[in-house]
Every structure is written in structure tokens, then in C-alpha cells.
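Below is one structure, written out as C-alpha cells, with a few remarks after it.
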Amino acid sequence: MPDHALELLDISCTFRSKDDRSQRYTAVAGTTLRIREGEFVSVVGPTGCGKSTLLNVGAGLLQPSTGEVKVFGQPLSGINARAGYMFQSEALMPWRSTIANVMLGLQYRGVPDDEARAQAQQWLARVGLAGFGDRYPHQLSGGMRKRCALAQVLALDPDIILMDEPFSALDIQTRQLMENEVLDLWAAKKKAVLFITHDLDEAIAMSDRVVVLSAGPATHPIGEFAIDLPRPRDVAEVRNQARFVELHTQIWNVLRDEVLKGYAQQLQKVPA
Amino acid sequence: MKLRPGEDNARAWQIALLVVLLVAWHIASRNQQFAFFVGEPIEVAGKIWSWFMPIAIPPNRLFADGLPGNADIYLHLGTTLLETVLAFVIGTVLGLACGLWLALAPTPSLIFDPYIKAANSMPRVILAPIFALWFGLGIWSKVALAVTLVFFIVFFNVYQGVREVSPVVLANARMLGASRRQLLRTVYLPSATSWVFSSLHTSVGLAFVGAVVGEYLGSARGVGYLILQAEGTFDVNTVFAGIVVLTAFALVLDAIVGLIEKRLMKWQPRSGETEKL
Numbered sequence: 001m002p003d004h005a006l007e008l009l010d011i012s013c014t015f016r017s018k019d020d021r022s023q024r025y026t027a028v029a030g031t032t033l034r035i036r037e038g039e040f041v042s043v044v045g046p047t048g049c050g051k052s053t054l055l056n057v058g059a060g061l062l063q064p065s066t067g068e069v070k071v072f073g074q075p076l077s078g079i080n081a082r083a084g085y086m087f088q089s090e091a092l093m094p095w096r097s098t099i100a101n102v103m104l105g106l107q108y109r110g111v112p113d114d115e116a117r118a119q120a121q122q123w124l125a126r127v128g129l130a131g132f133g134d135r136y137p138h139q140l141s142g143g144m145r146k147r148c149a150l151a152q153v154l155a156l157d158p159d160i161i162l163m164d165e166p167f168s169a170l171d172i173q174t175r176q177l178m179e180n181e182v183l184d185l186w187a188a189k190k191k192a193v194l195f196i197t198h199d200l201d202e203a204i205a206m207s208d209r210v211v212v213l214s215a216g217p218a219t220h221p222i223g224e225f226a227i228d229l230p231r232p233r234d235v236a237e238v239r240n241q242a243r244f245v246e247l248h249t250q251i252w253n254v255l256r257d258e259v260l261k262g263y264a265q266q267l268q269k270v271p272a
Numbered sequence: 273m274k275l276r277p278g279e280d281n282a283r284a285w286q287i288a289l290l291v292v293l294l295v296a297w298h299i300a301s302r303n304q305q306f307a308f309f310v311g312e313p314i315e316v317a318g319k320i321w322s323w324f325m326p327i328a329i330p331p332n333r334l335f336a337d338g339l340p341g342n343a344d345i346y347l348h349l350g351t352t353l354l355e356t357v358l359a360f361v362i363g364t365v366l367g368l369a370c371g372l373w374l375a376l377a378p379t380p381s382l383i384f385d386p387y388i389k390a391a392n393s394m395p396r397v398i399l400a401p402i403f404a405l406w407f408g409l410g411i412w413s414k415v416a417l418a419v420t421l422v423f424f425i426v427f428f429n430v431y432q433g434v435r436e437v438s439p440v441v442l443a444n445a446r447m448l449g450a451s452r453r454q455l456l457r458t459v460y461l462p463s464a465t466s467w468v469f470s471s472l473h474t475s476v477g478l479a480f481v482g483a484v485v486g487e488y489l490g491s492a493r494g495v496g497y498l499i500l501q502a503e504g505t506f507d508v509n510t511v512f513a514g515i516v517v518l519t520a521f522a523l524v525l526d527a528i529v530g531l532i533e534k535r536l537m538k539w540q541p542r543s544g545e546t547e548k549l
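So the protein sequences, as listed, match chains A and B.
Position 173 of the first sequence, counting from 1, maps to 173 under my numbering, and the rest follow consecutively.
Position 263 of the second sequence, counting from 1, maps to 535 under my numbering, and the rest follow consecutively.
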């Protein structure tokens, strides 16, 4: 099916401990996930369940133990060049100014510096950082750094956008602003988005589809929900709609048991 | 004007301490026997004057024989500084290149590991006679000795710097499409640079040490050579004058490194940038 932007087919990931070869940990097992072109898919699951592992597989940063990744119908080998990845933690280069960070991907692609700078400046303006091009990351607030990271990813105009809990470190107000900004940018360009989060509200408010993962180890999808809320949405207002509450209850019923299971496992891991 | 030592009058207190030390030295050296071992500050100052100034001073109360204006240190000082700068540049470039290479190539680093540890543990000053044999008594034997001192400091810092590149920044650069060369240029090198700079203050000092020790062990010019000559004739004032000159120039070199560091490392966060009004 060529209209799928990203397909993760029967993916399993088993990690082996470096110190002790016999210790294995299966993070993901038999997971199949398909994202259509222009679709916004969120993946929710309890903490430590292997959401990021799945995203790294889709990005080509991690080779799955078994299974196959397809990008627009083509099997993926190496880095997924059609995807942009927005990381959970700080990924900006501290030694580059804001605009130099946004230019980075364009420079890697051989775009001449003048042109790269002009494009980067446009993207900075679009994320509201027009006047901050010459600042260094440590001079920006957490929210501004995230916006800069967003501009860095979007400047390459990727067909697939992978986001790993990008706003989890932000306060709730900044977070809602950023979520709306992402939705606006997404609505304008209609890219395929795979959005990882542990926040169910965020997932429902933003997505076309929400996939629920089981608790680790051997994480796999246990539920899939189409979000039929009308667009364009405002993430703050959409939460008050009756349909939102209904969906939230449905998904939470599935997720709750897994969250409790995951929490119980984490408690057990601490040696008494 | 407050007299208690504090931040605002620290400079005055620093100078006062220097004056006290000089006066104590001067008074102690009134004793001729004592002066034989520690020298006399005025004679030391006179020696430095005749080294640097082309103007002779006629006999007066302080200097009974007057001071010749030889201005003859420049050749020696120039030699020592040239050795230092050459050793510093060569050692830093070699350390940077080897550090980057070994940090990014796991197999060679595994094989070389014990040899690097051995070479670093060796007291490298004992290499001076060998370098004198290989490179003669000119500047290159001193440069070689100082390079061995500088190299390992820079090398280990670069090695550490590359190993501690943030994995997220690295993954991000790869996702943005960086090739191996581009990764080296835009991620590893800048990241290692911050580690190198923290080591440059130490290594510029060691480059100086290497050059002077090399000269001291056998040479025909250089400040180390001057000190060696003076020591041979028990001219303790000249030895002290040499020490003062070397210290002053070591401080100058350190300040230059500090200036370059400030320019290149302006991206690093500095605390306390607010101003109280």
C-alpha cells in the first residue's frame, strides 16, 4: 500500500546487557504500526514501556531484532532520511547559535550558507523566535529551546515527523501553546506524524488516531482508537467537549490496567 | 576608602603584599652570607634592566658600578618563546588529531591503550638526552621534549571530550542527515574543543617548562641557558632574574590563551549575568 508513510511490521527489540551476555530484555515484541500520509498518530503507554524504542526503530537509529520498517513502501536501511525527529531531551548544539542550529540540516544537505540562513530565519519567525537568531541555547528558556528544536526539524521539510514526548518538560501553559502551534503547522503541511506521549489528554487533543501500548516487557499495541473530534482544534478548548470526555474514558479504561501493571513492575525492580 | 581586604580593594592589597615581600627580601639580603643564597632584589632588578634596556646607567647610590645597557636577552627570550609556541602548536594539533582518531576508532584504541598509558606514566624529562642525540642542541630537541609534555594533556582531554558527546545531540545530527565527516566537523570537534580549552592553560605552562628544562640540560641559547650559565658562576642574582622573566612571560602566555578562550567559548553558559541596580 503506497499511501502508508511509515510502516512498522511485526517489530521486536531485544536488548542484551553489555556486562552480562545472558541478561536479555525484550522491550518491544510483535508490534505492527502503520501511519498513513498526512495522519497524526499518537502512541500512549505507561512509563518505561518501550515507546521511545519503537520511535528509534522508525527513525532508523535502532535496528529491530526482528521485523521490518517500510518508508513509503520502501524497506528502510540505515537512517530514515525522510523523517524528522524531535527528541525528548535537549538536542540542540550548545556551541551553535539558534539560527545556526536551524541551518544545520540544510547545511548537511549542501544548501549554500546564504540560502540556508534565509530559510532558517523564516522558520525561526514561524515558531516565534525571529529576534533570537543570534542567541545561544543556554540563553533561551525551555519553551524557546523546544521551539528552536521544532524549527530545526521542520526546516528540512520532512515527510514524516517523529516526536518523542517533546513537550513533557514544559509547564502546562507553554505546553498548550506549543501543541496548538504544532497543530497549525501540521494542518498547513499535512505530514505524517508519529507522536509519543504519556499524556492521554495531549494524545486525544492532537491526534487522528491513538494507539495504546501494553506495559513492558514485550510491549505491544492493545488498543486503537480513531479520534473523530472536528478540526481545527484548540487543545485547551477541545478538552471540554462531551466527545473528548467519552473518548478519554474509553481509552483510559484500557490504559489504566497497564499503567498499574507498569508501576507494579517498577516497584519490584527496586531491590528490597 | 575601606582598609579591610575585600573585593573592591583586592588589587591594592595584592600590591601591598608584593611590596612587603620585596622589602623583607631586601632587609634579609643585607646579611652578605644570606645574600649569597637568596640574592638581592635590587641587584635582580638591575640585571633585568640591563637585559632589556639599551640605556646604560652611570654609577649611583643603588648601583655602585653603574648598569650596562646590554639589551642582550632578546635573542635568548625569543628562542625560548619560539620553542614554547612551536611545542604548544605541534603538541596541541597532534593531541587533537590522535585523540579524535583513537576516540572514534575502537579497535586501534584497544590495541594502543597499554602503550599510551605507559608513555603517559613515563617521566618524560628523561627523554631530553635522547632528543638531544636525535635533534642536536638546537631548538628542535627542546621543542620535541615540550611536545611530549603538551601532547598527552591535550590527547586525554580530547579523548574524554569525544567520549562524552551527548548521545542525543549525536542522534539528532544523524537524523538531520550528517555524514561521518560532517559529524566530525560539527559535533565531535566542537565538543572536544571545550575540553581542549580547559587543558590549554595547563599545556601552555608545560610547553614553557619543556622548553626551559630542555635548554637547561644542554643548549647554546635561551633563558634556560642563561640560568645554567649564571648557576655555574654562583651568580644567584641572574638566576633569580631569569626566574622573574620566565614567570612574567608564562603569565603573558596564559593571558593570551585566556583571551582566545573567551572569544571561542562564548556559547558556554556563565553564571551570574544579572546586574543589581
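C-beta: ideal position from N, C-alpha, C; glycine also.
Sub-8 Å separation of residue i and residue j beta-carbons
| i | j | result |
| --- | --- | --- |
| I222/A | V212/A | yes |
| A522/B | G482/B | no |
| L177/A | G142/A | no |
| K191/A | P166/A | no |
| M103/A | A149/A | no |
| I196/A | H248/A | no |
| A479/B | V422/B | yes |
| L106/A | L156/A | yes |
| K414/B | E355/B | yes |
| V365/B | F512/B | no |
| H220/A | V44/A | no |
| V459/B | A91/A | no |
| F40/A | S168/A | no |
| L531/B | V476/B | no |
| V508/B | F308/B | yes |
| L229/A | F244/A | yes |
Contact with chain B by residue i, beta-carbon distance below 8 Å
| i | result |
| --- | --- |
| R36/A | no |
| M1/A | Caution applies to M1/A, whose pLDDT of 47 falls short of 50 and renders its modelled position unreliable; the value that the coordinates give is listed next. No, M1/A lies away from the interface with chain B (no Cβ there is under 8 Å from its Cβ). |
| W95/A | yes |
| F15/A | no |
| A59/A | yes |
| A118/A | no |
| I227/A | no |
| A25/A | Per the sequence presented here, residue 25/A reads as Tyr, with Ala not at that position. False, the Cβ-Cβ gap to chain B never drops below 8 Å. |
| K18/A | no |
| G84/A | yes |
| L150/A | no |
| G105/A | yes |
| L76/A | no |
| L124/A | no |
| A156/A | The question names Ala, but residue 156/A in the sequence shown is Leu. By this cut-off, L156/A is an interface position. |
Beta-carbon contacts of residue i that lie in its chain and below 8 Å, excluding the five residues immediately before and after
| i | result |
| --- | --- |
| A187/A | R231, P232 |
| A130/A | Q121, L124 |
| I79/A | A59, G60, L61 |
| E545/B | Here the model assigns E545/B a pLDDT of 49, short of 50, so the residue's position is not dependable and the matter cannot be decided. |
| A272/A | With a pLDDT of 48 at A272/A, under the threshold of 50, the modelled position of this residue cannot be trusted, and the question is left open. |
| L498/B | I345, H348, T510, G514 |
| E258/A | G45, P46, C49, V212, L213, S214, A215, I222 |
Neighbourhood of residue i by C-beta, 7 Å cutoff - its chain only, sequence neighbours within 5 removed
| i | result |
| --- | --- |
| Y431/B | G371, L374, A375 |
| T53/A | C13, A27, V28, L62 |
| K51/A | V43, G45, I196, L213 |
| F335/B | G318, I329 |
Contact set between residue i and chain B, taken where Cβ atoms lie within less than 7 Å
| i | result |
| --- | --- |
| S89/A | V440 |
Cross-chain neighbours of residue i in chain B, by beta carbon under 8 Å
| i | result |
| --- | --- |
| I161/A | Neighbours of I161/A on chain B: none; closest Cβ ~11 Å, over 8 Å. |
| A81/A | G449 |
| R109/A | G449 |
Residues near residue i by beta carbon distance below 6 Å, same chain, minus five either side
| i | result |
| --- | --- |
| G504/B | none |
| D19/A | none |
Within-8 Å CB hit, residue i to chain A
| i | result |
| --- | --- |
| T458/B | yes |
| P462/B | yes |
| A369/B | no |
| A443/B | yes |
| Q454/B | yes |
| A282/B | no |
Within chain A, partners of residue i - CB distance below 7 Å
| i | result |
| --- | --- |
| W539/B | P94, W95, Y136 |
Amino acids of chain A, ordered along the chain, whose beta-carbon sits closer than 8 Å to that of residue i
| i | result |
| --- | --- |
| R446/B | L61, I79 |
Residue i: CB within 7 Å of a non-hydrogen atom of the ligand NAP
| i | result |
| --- | --- |
| M206/A | Inclusion of the ligand NAP in the displayed structure is not the case, the ligand content being empty and no account of it being possible. |
Entirely within the region 389-458 of chain B and at least 4 residues each: give me those alpha helix (DSSP H) ranges in chain order.
Taken in chain order, the complete alpha helix (DSSP H) segments of 4 residues or longer contained in the region 389-458 of chain B are 400-407, 411-435, 439-447, 452-455.
Enumerated in chain order, which unbroken segments of the alpha helix (DSSP H) with a length of 4 residues or greater are wholly contained in the region 280-304 of chain B?
Assignment of alpha helix (DSSP H) within the region 280-304 of chain B, counting only whole runs of 4 or more residues, yields 282-300 in chain order.
Which full runs of the alpha helix (DSSP H) of 4+ residues lie inside the region 6-84 of chain A, going along the chain?
Counting only runs of 4 or more, we get 51-59.
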